[in-house]
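Asker:
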Ligand SMILES: Nc1ncnc2c1ncn2[C@@H]1O[C@H](COP(=O)(O)OP(=O)(O)OP(=O)(O)O)[C@@H](O)[C@H]1O
Ligand SMILES: [Mg+2]
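Chains as they are written, first to last, in the working numbering: chain A, 1 to 252; chain B, 1001 to 1335.
#1: Using a Cβ-Cβ cutoff of 9 Å, what residues of the region 82–99 of chain A are near chain B? List them in chain order.
#2: What is the C-beta distance between residue 254 of chain A and residue 201 of chain A, in whole angstroms, given that I count them as a contact (C-beta under 8 Å)?
#3: Given the structure, does residue 178 of chain A come close to ligand 1, in the sense that its CB is under 8 Å from one of the ligand's heavy atoms?
#4: Would you mind telling me which residues of chain A sit closer than 9 Å to residue 1186 of chain B, beta carbon to beta carbon, in chain order?
#5: Using the C-alpha atoms, what's the distance from residue 53 of chain A back to residue 253 of chain A?
#6: Output the boundary residues of the beta strand (DSSP E) element that contains residue 7 of chain A.
#7: Under 7 Å, CB to CB, which of the residues in the region 58–77 of chain A have a partner in chain B?
#8: Quick check on residue 161 of chain A - is its C-beta less than 9 Å from some C-beta in chain B?
#9: For the beta strand (DSSP E) that contains residue 1149 of chain B, what are its first and last residues?
#10: Less than 8 Å separating the Cβ of residue 45 of chain A from some heavy atom of ligand 2?
#11: Looking at ligand 2, does it come within less than 8 Å of residue 203 of chain A, judged from the CB to the closest heavy atom?
#12: Give a single yes or no on whether residue 39 of chain A has its beta carbon closer than 8 Å to a heavy atom of ligand 1.
#13: Please find out if some non-hydrogen atom of ligand 2 comes closer than 8 Å to the beta-carbon of residue 143 of chain A.
#14: Residue 104 of chain A versus chain D: which residues are under 7 Å apart at the beta carbon?
#15: Apart from the five residues just before and just after residue 170 of chain A, which ones in its own chain have a Cβ nearer than 6 Å to its Cβ?
#16: Quick check on the burial criterion: 16 or more other C-beta atoms within 10 angstroms. Buried or exposed for residue 1269 of chain B?
#17: So does the region 1272–1281 of chain B actually touch the region 1069–1079 of chain B, counting three or more Cβ pairs closer than 8 Å?
#18: With DSSP as the reference, identify every bridge partner of residue 28 of chain A, one or two as the case may be.
#19: With 16 other CB atoms within 10 Å as the buried threshold, where does residue 1309 of chain B fall?
#20: If the cut is a Cβ gap below 8 Å, which residues of chain A does residue 1213 of chain B touch?
#21: Could you check whether residue 161 of chain A and residue 172 of chain A sit closer than 9 Å to each other, using their CB atoms as the reference points?
#22: Kindly indicate if chain B contains any beta-carbon less than 9 Å away from that of residue 52 of chain A.
#23: Hey, how far is the Cα of residue 118 of chain A from the Cα of residue 127 of chain A?
#24: If we count the other Cβ atoms within 10 Å of its Cβ and call it buried at 16 or more, is residue 1205 of chain B buried or exposed?
#25: Can you grab the Cα-Cα spacing for the pair residue 1021 of chain B / residue 1247 of chain B, in whole Å?
#26: Going by the C-beta, is residue 15 of chain A closer than 8 Å to any heavy atom of ligand 1?
#27: Is it the case that the CB of residue 227 of chain A approaches a heavy atom of ligand 1 more closely than 8 Å?
#28: How many angstroms separate the CA atom of residue 1191 of chain B from the CA atom of residue 6 of chain A?
#29: Among B:1291, B:1165 and B:1109, which one has its Cα closest to the Cα of residue 1014 of chain B?
#30: First and last residue of the beta strand (DSSP E) that includes residue 85 of chain A?
#31: Under the criterion of a Cβ to heavy atom distance below 8 Å, does residue 223 of chain A qualify as lining ligand 1?
#32: Between which two residues does the alpha helix (DSSP H) holding residue 1232 of chain B run?
#33: What's the call for residue 156 of chain A, buried or exposed, on a 16-neighbour Cβ count within 10 Å?
#34: Using the three-state DSSP reduction, which class does residue 40 of chain A fall into: helix, strand or coil?
#35: Residues in the same chain with beta-carbon distance under 7 Å from residue 213 of chain A, minus the five sequence neighbours each way, listed in chain order, please.
#36: At least one CB of chain A closer than 9 Å to the CB of residue 1258 of chain B: is that the case?
As structure tokens, this is what we get:
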């Protein structure tokens, strides 16, 4: 492959007897949007958790920019430039939007172990925070408490916090879930813009969105990869039709 | 609300404390000194409970170690130099907090509570059972620390008023220090850890390091309080570090208001005063004390200090209601 940013080699993870990801091997190309789709329980979130360090694999290796990150803890992986958003909203509920993004943005200074000057003096952090709020569309909600916002807005904040860490590779776990159609369109537009200078790995159930923005598609079923290819290839794949898309169309 | 109106009650309270020795008898000056010392102790625990999300049930260990460091090093000294004794106590407490913190911060929730409790009980039994350090009789100190330059006394803590002002300065400086670190980048991180540690880690912070530093800072401040208590009473014994003291300290923080810093100071006043005066009224004062604590927690879940903002917002509500009624009356008259 031309220029792989992330290489996953024979990675497995099981919970007790359940094999959530089974011997997964994929490469992700730099600068692309690579979507992962699959039915509930296919192991998509588990895969993201392995990449972000939230879970340790039982087997296999993960290389990011050629560097082995398989056993690194989440904070080291974040510092290397991998950011993630969570399927289950994972924010600081009691903080304002600004404070949520601030904590994220502040993680990029050399050290936050500083005791003697107010954090508000850090102009670079403030700029990064404002930029993240603007990107995720919450500039006007700057001083609202996260817990008082709508579910859709909390999902936007989830993305904003990830962006405030200025990652190179974004792992997005169902960013559109629970958003209204207006918000969804905005976020899809944002993802398109981000794709200009980032690499995106996107888990999403919204097929229209996936087909419209993804460069590459991987279909997961039962912890395994069924098929990987371009949108066209996946659409015409017999196996995928049978295992996954066909079902969707019938019910639709 | 501006910072000024918010800090006005604090400044008024500080002024009252500064002027107090001019009016209070030496008994009361001594009593308020003790309250101030307990306030420092409780405020340090608030850094853990209220800002870092670490409910330590062993905080009295560092209070006791601050006192024991003073008593052990200087029990036979002919003069206790403040500039030697104070740093020694702080260092001993910091070291103990580093060890206890290093072991305990890896756990959370109920396990953290149990480990801090168990480790502090180990310190308790060590001193309780060591004849070298007086066992359960403790150690007496017959001198008070002094600050000397050459042979001049600059500050002699033997005078009750001097001690009072020294303790008050420690409280004010401790408070300002905590306010400073909470506004600094460090403070932003520990407050976030309290709300959602998992996300803080995912954002790129090694959270254990921050929790440990917070634990050591809190332990050192507790050591300062223990140093003052030992110097003030001239007596230190293992009961200082018993789990009972740790529990009372938690009660003070909760009673006054978790996560406010000034709440625990108010809590210290309430508890120490009640401990002093309730026994005069009834033999069953402990029962009564427990009842009062429960009542405050039930009716003011954010602590006694949440009473003031509550009254303020009530007044504001009354005002806006009466304003809107006036407008309505005006509208009716017009129409
Ligand atoms: N921490 C865990 N402990 C035990 N089982 C788990 C854990 N996390 C996931 N699983 C199981 O692993 C399987 C894969 O789950 P995963 O969350 O990765 O699926 P998913 O593809 O993200 O599904 P969805 O589309 O519903 O989000 C499921 O059967 C799930 O119940
Ligand atoms: Mg999932």
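Beta carbons are placed, not taken as given, at the ideal position from N, Cα and C, and that holds for glycine.
Answerer: So, from the listed chains and residues:
#1: The residues in question are 83, 84, 86, 90, 91, 92, 93, 94, 95 and 99.
#2: Beyond the ends of chain A as shown, which are 1 and 252, falls residue 254 of chain A; an answer cannot be given.
#3: By 1-based counting over the first chain, the position of residue 178 of chain A is 178. No; taking the cut-off as 8 Å, the Cβ of residue 178 of chain A has no heavy atom of ligand 1 nearer than that.
#4: Indexing the second chain from 1 puts residue 1186 of chain B at position 186. Going along chain A in sequence order, the residues near residue 1186 of chain B (Cβ under 9 Å) are 112, 113, 114, 115 and 119.
#5: The structure shown has nothing for residue 253 of chain A, since chain A only spans 1 to 252.
#6: Taking the first chain and counting its residues from 1, one reaches residue 7 of chain A at position 7. It spans 4–15 - the beta strand (DSSP E) in which residue 7 of chain A sits, taken as one unbroken run.
#7: Listed in sequence order: 74 and 75.
#8: Start at 1 with the first residue of the first chain, and residue 161 of chain A comes out as number 161. Judged by the 9 Å Cβ criterion, residue 161 of chain A is in contact with chain B.
#9: For the purposes of this step, residue 1149 of chain B is taken as the residue at position 149 of the second chain. Where residue 1149 of chain B is concerned, the enclosing beta strand (DSSP E) stretches over 1146–1149.
#10: In the first chain, residue 45 of chain A corresponds to position 45, counting from 1. Yes, the beta carbon of residue 45 of chain A sits closer than 8 Å to at least one heavy atom of ligand 2.
#11: As a working note, residue 203 of chain A is residue 203 in the first chain. Under cutoff, so the answer is yes.
#12: Position 39 of the first chain, counted from the start, is the residue given in the question as residue 39 of chain A. At least one heavy atom of ligand 1 is nearer than 8 Å to the Cβ of residue 39 of chain A, so yes.
#13: Within the first chain, numbered from 1, the residue matching residue 143 of chain A stands at position 143. Outside the cutoff, so no.
#14: Reference to chain D is not applicable here, since the protein chains of this structure are A and B.
#15: Here residue 170 of chain A refers to the residue found at position 170 of the first chain. The answer, listed in chain order, is 83, 198 and 200.
#16: In the second chain, counting from the first residue as 1, residue 1269 of chain B sits at position 269. So residue 1269 of chain B ends up on the buried side.
#17: Result no; under three Cβ-Cβ pairs closer than 8 Å.
#18: In the first chain, counting from the first residue as 1, residue 28 of chain A sits at position 28. Looking at the DSSP assignment, residue 28 of chain A forms a beta bridge with A:6.
#19: Within the second chain, the letter at position 309 stands for residue 1309 of chain B. So residue 1309 of chain B counts as exposed.
#20: Walking along the second chain from the start, residue 1213 of chain B turns up at place 213. What residue 1213 of chain B touches in chain A: 113.
#21: Locating residue 172 of chain A in the first chain gives position 172, where the first residue counts as 1. Locating residue 161 of chain A in the first chain gives position 161, where the first residue counts as 1. It is not a contact, given that the beta carbons lie outside the stated cut-off.
#22: Walking along the first chain from the start, residue 52 of chain A turns up at place 52. Output row for residue 52 of chain A: interface = yes.
#23: Counting from 1 along the first chain, the entry for residue 118 of chain A is found at position 118. Counting from 1 along the first chain, the entry for residue 127 of chain A is found at position 127. Whole-angstrom Cα-Cα distance: 16 Å.
#24: Counting from one through the second chain, the residue named residue 1205 of chain B turns up at place 205. Buried, by the Cβ-count rule.
#25: Sequence index remark: in the second chain, residue 1021 of chain B carries index 21 (1-based). Sequence index remark: in the second chain, residue 1247 of chain B carries index 247 (1-based). The straight-line gap from Cα to Cα measures roughly 30 Å.
#26: Here residue 15 of chain A corresponds to residue number 15 of the first chain, with the count starting at 1. Result yes, Cβ under 8 Å from ligand 1.
#27: Sequence index remark: in the first chain, residue 227 of chain A carries index 227 (1-based). No, the beta carbon of residue 227 of chain A sits no closer than 8 Å to any heavy atom of ligand 1.
#28: Counted from its first residue, the second chain places residue 1191 of chain B at position 191. Counted from its first residue, the first chain places residue 6 of chain A at position 6. Computed Cα separation, rounded: 33 Å.
#29: Locating residue 1014 of chain B in the second chain gives position 14, where the first residue counts as 1. Among B:1291, B:1165 and B:1109, the Cα nearest to that of residue 1014 of chain B belongs to B:1165.
#30: For the purposes of this step, residue 85 of chain A is taken as residue 85 along the first chain, with counting starting at 1. According to the DSSP assignment, residue 85 of chain A belongs to the beta strand (DSSP E) that extends over 82–85.
#31: As a first step, residue 223 of chain A is located in the first chain; it is residue number 223 there, counting from the start. Within the cutoff, so yes.
#32: For the purposes of this step, residue 1232 of chain B is taken as residue 232 along the second chain, with counting starting at 1. Per DSSP, residue 1232 of chain B belongs to the alpha helix (DSSP H) from 1207–1233.
#33: Numbered from 1 along the first chain, position 156 holds the residue referred to as residue 156 of chain A. That one is buried.
#34: Stepping through the first chain from its first residue, residue 40 of chain A is reached at position 40. Coil, per DSSP.
#35: Position 213 of the first chain holds residue 213 of chain A. The answer, listed in chain order, is 33, 188, 191 and 192.
#36: As a first step, residue 1258 of chain B is located in the second chain; it is residue number 258 there, counting from the start. No, residue 1258 of chain B does not count as interfacial toward chain A.
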